[in-house]
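Heads up: the sequence lines are chains F and H, in that order.
Using the numbering used here, the letters of the first sequence map in sequence onto residues 1 to 175.
Using the numbering used here, the letters of the second sequence map in sequence onto residues 176 to 350.
Even for Gly, the Cβ is constructed at its ideal location relative to N, Cα and C.
Model, not experiment: these values are computed from the prediction.
Taking it in order: structure first as structure tokens, then the write-up.
2 protein chains.
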Amino acid sequence: MAKRRILLFTGNGKGKSTAAFGMLARTLGHGMRARVIQFVKSDDSVGEQKFFSRFSEVDWDQYGRGFLPIDPQSPEMEAHRAAAREGLDAAIAALSSENYDFVLLDELCYALGQNLIAIEPILNALNAADDGKIVVLTGRNAPDELLAVADTVTEMQLVKHGWEQGITAQTGVEN
Amino acid sequence: MAKRRILLFTGNGKGKSTAAFGMLARTLGHGMRARVIQFVKSDDSVGEQKFFSRFSEVDWDQYGRGFLPIDPQSPEMEAHRAAAREGLDAAIAALSSENYDFVLLDELCYALGQNLIAIEPILNALNAADDGKIVVLTGRNAPDELLAVADTVTEMQLVKHGWEQGITAQTGVEN
Numbered sequence: 001m002a003k004r005r006i007l008l009f010t011g012n013g014k015g016k017s018t019a020a021f022g023m024l025a026r027t028l029g030h031g032m033r034a035r036v037i038q039f040v041k042s043d044d045s046v047g048e049q050k051f052f053s054r055f056s057e058v059d060w061d062q063y064g065r066g067f068l069p070i071d072p073q074s075p076e077m078e079a080h081r082a083a084a085r086e087g088l089d090a091a092i093a094a095l096s097s098e099n100y101d102f103v104l105l106d107e108l109c110y111a112l113g114q115n116l117i118a119i120e121p122i123l124n125a126l127n128a129a130d131d132g133k134i135v136v137l138t139g140r141n142a143p144d145e146l147l148a149v150a151d152t153v154t155e156m157q158l159v160k161h162g163w164e165q166g167i168t169a170q171t172g173v174e175n
Numbered sequence: 176m177a178k179r180r181i182l183l184f185t186g187n188g189k190g191k192s193t194a195a196f197g198m199l200a201r202t203l204g205h206g207m208r209a210r211v212i213q214f215v216k217s218d219d220s221v222g223e224q225k226f227f228s229r230f231s232e233v234d235w236d237q238y239g240r241g242f243l244p245i246d247p248q249s250p251e252m253e254a255h256r257a258a259a260r261e262g263l264d265a266a267i268a269a270l271s272s273e274n275y276d277f278v279l280l281d282e283l284c285y286a287l288g289q290n291l292i293a294i295e296p297i298l299n300a301l302n303a304a305d306d307g308k309i310v311v312l313t314g315r316n317a318p319d320e321l322l323a324v325a326d327t328v329t330e331m332q333l334v335k336h337g338w339e340q341g342i343t344a345q346t347g348v349e350n
């Protein structure tokens, strides 16, 4: 059987989540079944979700309340943390489930960096995941523990971004 | 109308083409029509092609004879160049066509770096592309002219790759 793979896309440039979505397409091309768990993100009108939600082989859920930082003392923070904890439970379940060949934990690094969830349960679940499972983790500022557990890591470095040229977020490009 | 966008994914890490495929999925989610032109690549059994070829909104062609370098004096080189020239013609046609909202020129930088095609015709076609068109270019060692014409550039830096740990190419991950 194929080895368990853990791929990590981090850095401050564009392409982390989109690379993960490309890998999702690749695995679907091989008839695999996929679980997508999005931390932090809460906009379900984006193109990737509209597209991949069409496929019965994909179970896609968002466990976020939007990007941070908001004031950590704000009462809203508890809703962010509660959503991320639900995502964590879903992630642990997916990593040990025989129903999925591919598991994407989108914006996991961001959720960890904002202390929405603890890292130990995820590390344990990653280390316990079976051979044959393909796992993709994304988000900026990946912690060292995730760099260590991944077999393949790419840092997406921002060289140039449209918003620096006054280009606003655009359908099909940024969402 | 939305601006013309040109995005470039370069660098030596994993995720350049896969990010482009993720963007393709995103645009399909918004009902856009897409043209995929692959330079250099010649393997049509990969997951991404199997997957996206299912959709009538996607026209996908490979114009390659495999990765280089082979001996530049080898008689095979002319077949590589001829294939890339066909890809160049297809790219120019796609960039000026009203039939496509999204145009992916996969491994363009690699084809340019190996001198399979000249850069001027592509630059002219990119500069002439209409507002509303989303163009994605990929490949390592992007030339300065492409960095200049793109509005968004990410360098995918290799931090760690599975093959360093003795992991061989795996279905759903590398192909």
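{"query": "Just the C-alpha distance for A265/H and D326/H, rounded to the nearest angstrom, thanks.", "result": "23 Å"}
{"query": "Examine chain F for any beta-carbon lying closer than 9 Å to the beta-carbon of E223/H, and answer yes or no.", "result": "yes"}
{"query": "Can you pull the chain H residues whose beta carbon is under 8 Å from the beta carbon of N92/F, in chain order?", "result": "Here residue 92/F turns out to be Ile, not Asn, going by the sequence shown. Neighbours of I92/F on chain H: none; closest Cβ ~22 Å, over 8 Å."}
{"query": "Hey, could you find the ends of the alpha helix (DSSP H) V173/F is sitting in?", "result": "Neither: V173/F is in no alpha helix (DSSP H) and is coded neither H nor E."}
{"query": "Check whether the region 188-197 of chain H and the region 303-315 of chain H touch, using three or more Cβ-Cβ pairs below 8 Å as the test.", "result": "yes"}
{"query": "Check for me: the beta strand (DSSP E) holding M207/H runs from which residue to which?", "result": "First-last for M207/H: undefined, no H or E at that position."}
{"query": "In terms of residues, what are the limits of the alpha helix (DSSP H) holding D319/H?", "result": "D319 to V324"}
{"query": "Determine the direct distance from the alpha carbon of D131/F to that of R5/F, and round the result to whole angstroms.", "result": "8 Å"}
{"query": "Are the CB atoms of V221/H and R26/F within a distance shorter than 9 Å?", "result": "yes"}
{"query": "Judging by CA-CA distance, which residue of M77/F, P72/F and D101/F is the nearest neighbour of L28/F?", "result": "D101/F"}
{"query": "With DSSP run on the structure shown, which of helix, strand or coil describes R81/F?", "result": "helix"}
{"query": "Can you tell me whether R54/F is buried or exposed? The criterion is at least 16 other CB atoms within 10 Å of its CB, across all chains shown.", "result": "exposed"}
{"query": "On a Cα-Cα basis, can you pick out the residue from V334/H, G186/H and P296/H that is closest to E261/H?", "result": "P296/H"}
{"query": "Give me, in chain order, the residues of the same chain whose beta-carbon lies closer than 6 Å to that of G241/H; leave out the 5 immediate sequence neighbours on both sides.", "result": "S217"}
{"query": "Express the C-alpha separation of F51/F and T343/H in angstroms, rounding to a whole number.", "result": "31 Å"}
{"query": "Out of G15/F, I70/F and T10/F, which has the shortest C-alpha to C-alpha gap to F184/H?", "result": "G15/F"}
{"query": "DSSP three-state call for Q248/H: helix, strand or coil?", "result": "coil"}
{"query": "So F67/F contacts chain H; which residues on that side make the cut at Cβ distance below 7 Å?", "result": "Neighbours of F67/F on chain H: none; closest Cβ ~18 Å, over 7 Å."}
{"query": "Starting from F187/F, trace the alpha helix (DSSP H) both ways and give me its first and last residue.", "result": "A query on residue 187/F cannot be resolved here, the shown segment of chain F reaching from 1 to 175 and no further."}
{"query": "What does the alpha-carbon distance come out to for the pair N115/F and V153/F?", "result": "22 Å"}
{"query": "Would DSSP call L312/H helix, strand or coil?", "result": "strand"}
{"query": "Using the rule of at least 16 other Cβ atoms within 10 Å of the residue's Cβ for burial, across every protein chain shown, is D106/F buried or exposed?", "result": "buried"}
{"query": "At 9 Å on the CB atoms, spell out the chain H contacts of M77/F, in chain order.", "result": "Here the premise fails: no neighbours, minimum Cβ distance about 30 Å."}
{"query": "Could you tell me which residues DSSP puts in a beta bridge with Y63/F?", "result": "F39/F"}
{"query": "Could you give the DSSP three-state label for L68/F: helix, strand or coil?", "result": "coil"}
{"query": "Excluding the five sequence neighbours on either side, which residues of its own chain have a C-beta within less than 8 Å of the C-beta of L270/H, listed in chain order?", "result": "V278, A300, L301, A303, A304, K308 and V310"}
{"query": "So A258/H and G288/H are supposed to be a Cβ contact under 8 Å. How far apart are they, rounded?", "result": "16 Å between Cβ atoms; not a contact."}
{"query": "Output, in chain order, the set of chain H residues within a Cβ distance shorter than 7 Å of G87/F.", "result": "Result: empty, since nearest Cβ-Cβ is about 20 Å, beyond 7 Å."}
{"query": "G239/H touches chain F at which residues, Cβ-Cβ below 9 Å?", "result": "Per Cβ cutoff of 9 Å: no residues; G239/H is ~18 Å from chain F at best."}
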